[in-house]
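A.B. asks: 1 is the number of the first residue of the sequence shown in UniProt numbering; add one for each residue after it. One structure follows; several queries about it will come next.
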Amino acid sequence: MKALLFDFDGTLLDTNELIIETFMHVLEERFPGQYSSKDCIKFIGPSLKETFEQITPNEVDEMIEKYRQWNEAHHDELATEFEGVLPTLERLNELGIRMAIVSTKRRETIERGLDLMGAKSFFEFWIGTDDVQHVKPHPEPVLLAIDKLGVEKEHVIMIGDNYHDIQAGKNAGVKTAGVAWSLKGEAFLKQFNPDYMLSHMSDLLTVVKEL
Numbered sequence: 001m002k003a004l005l006f007d008f009d010g011t012l013l014d015t016n017e018l019i020i021e022t023f024m025h026v027l028e029e030r031f032p033g034q035y036s037s038k039d040c041i042k043f044i045g046p047s048l049k050e051t052f053e054q055i056t057p058n059e060v061d062e063m064i065e066k067y068r069q070w071n072e073a074h075h076d077e078l079a080t081e082f083e084g085v086l087p088t089l090e091r092l093n094e095l096g097i098r099m100a101i102v103s104t105k106r107r108e109t110i111e112r113g114l115d116l117m118g119a120k121s122f123f124e125f126w127i128g129t130d131d132v133q134h135v136k137p138h139p140e141p142v143l144l145a146i147d148k149l150g151v152e153k154e155h156v157i158m159i160g161d162n163y164h165d166i167q168a169g170k171n172a173g174v175k176t177a178g179v180a181w182s183l184k185g186e187a188f189l190k191q192f193n194p195d196y197m198l199s200h201m202s203d204l205l206t207v208v209k210e211l
């Protein structure tokens, strides 16, 4: 049995604008004029806890709450799926490929995005920060997904737009795929030596034949 584990934001759902605008709103309020949109790109991928611990370690919980309030209020307006995602998921489903999501977002937020995309039925489950003690790049969420699916590691690919995804897959002992539509760029992802680099979502239809 073959299985694909997907990161969510920046891989299936284009939340780049949403994330950057949310960080800009929160940081501009707390640190006026100190951060640009470009600065916020590096915050895409790590957990909110990890990010705000670096920025303002004494205000982590408060900053996360402000972030979530603004993000949730603007989510449906600023988020949309990447090109080719839905038809590819549909075809993978027809081929009997098992699919799940492994994200650094809360399960509730993942579910909201899936509802927005109309893609919930393609996935057996989704793992968020509230399901694990250690987030990517720690292997725990990937290993949890493998255990829940009951598949062999050699038949699994972890797919994502950031180094956390690639490293988590490698740490868990599965194949990995980077996505060229990552906001951080294909060259950035290639540094982490994913087994595959997807130029388009539909490339997965070829990749799964090799599993």
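Ideal placement from N, C-alpha and C gives every residue a C-beta, glycine not left out.
Check whether the region 163 to 172 and the region 132 to 146 are in contact - that is, three or more C-beta pairs closer than 8 Å.
C.D. replies: yes
A.B. asks: Whole angstroms is fine: what's the gap from residue 26's alpha carbon to residue 188's?
C.D. replies: Locating residue 26 in the sequence shown gives position 26, where the first residue counts as 1. Locating residue 188 in the sequence shown gives position 188, where the first residue counts as 1. Going by the C-alpha atoms only, they are around 27 Å apart.
A.B. asks: Using only alpha-carbon positions, find the residue among 199, 19, 64 and 123 that is nearest to residue 38.
C.D. replies: If you number the sequence shown from 1, residue 38 lands on position 38. The candidate whose alpha carbon is nearest that of residue 38 is 19.
A.B. asks: Measure the CB-CB distance between residue 100 and residue 82 and report whether it falls below 8 Å.
C.D. replies: Position 100 of the sequence shown, counted from the first residue, corresponds to residue 100. Position 82 of the sequence shown, counted from the first residue, corresponds to residue 82. No.
A.B. asks: Roughly how many whole angstroms lie between the Cα atoms of residue 15 and residue 80?
C.D. replies: In the sequence shown, the residue the question calls residue 15 occupies position 15. In the sequence shown, the residue the question calls residue 80 occupies position 80. The alpha-carbon atoms of residue 15 and residue 80 are separated by roughly 7 Å.
A.B. asks: For residue 88, does the three-state DSSP call read helix, strand or coil?
C.D. replies: Start at 1 with the first residue of the sequence shown, and residue 88 comes out as number 88. Helix, per DSSP.
A.B. asks: Could you say which of 66, 195 and 95 lies nearest to residue 28 if we only look at CA atoms?
C.D. replies: Against the sequence shown, residue 28 aligns to sequence position 28. The option with the nearest alpha carbon to residue 28 is 66.
A.B. asks: Where are the beta strand (DSSP E) runs, 3 residues long or more, that stay fully inside the region 49 to 129, in chain order?
C.D. replies: 98 to 102
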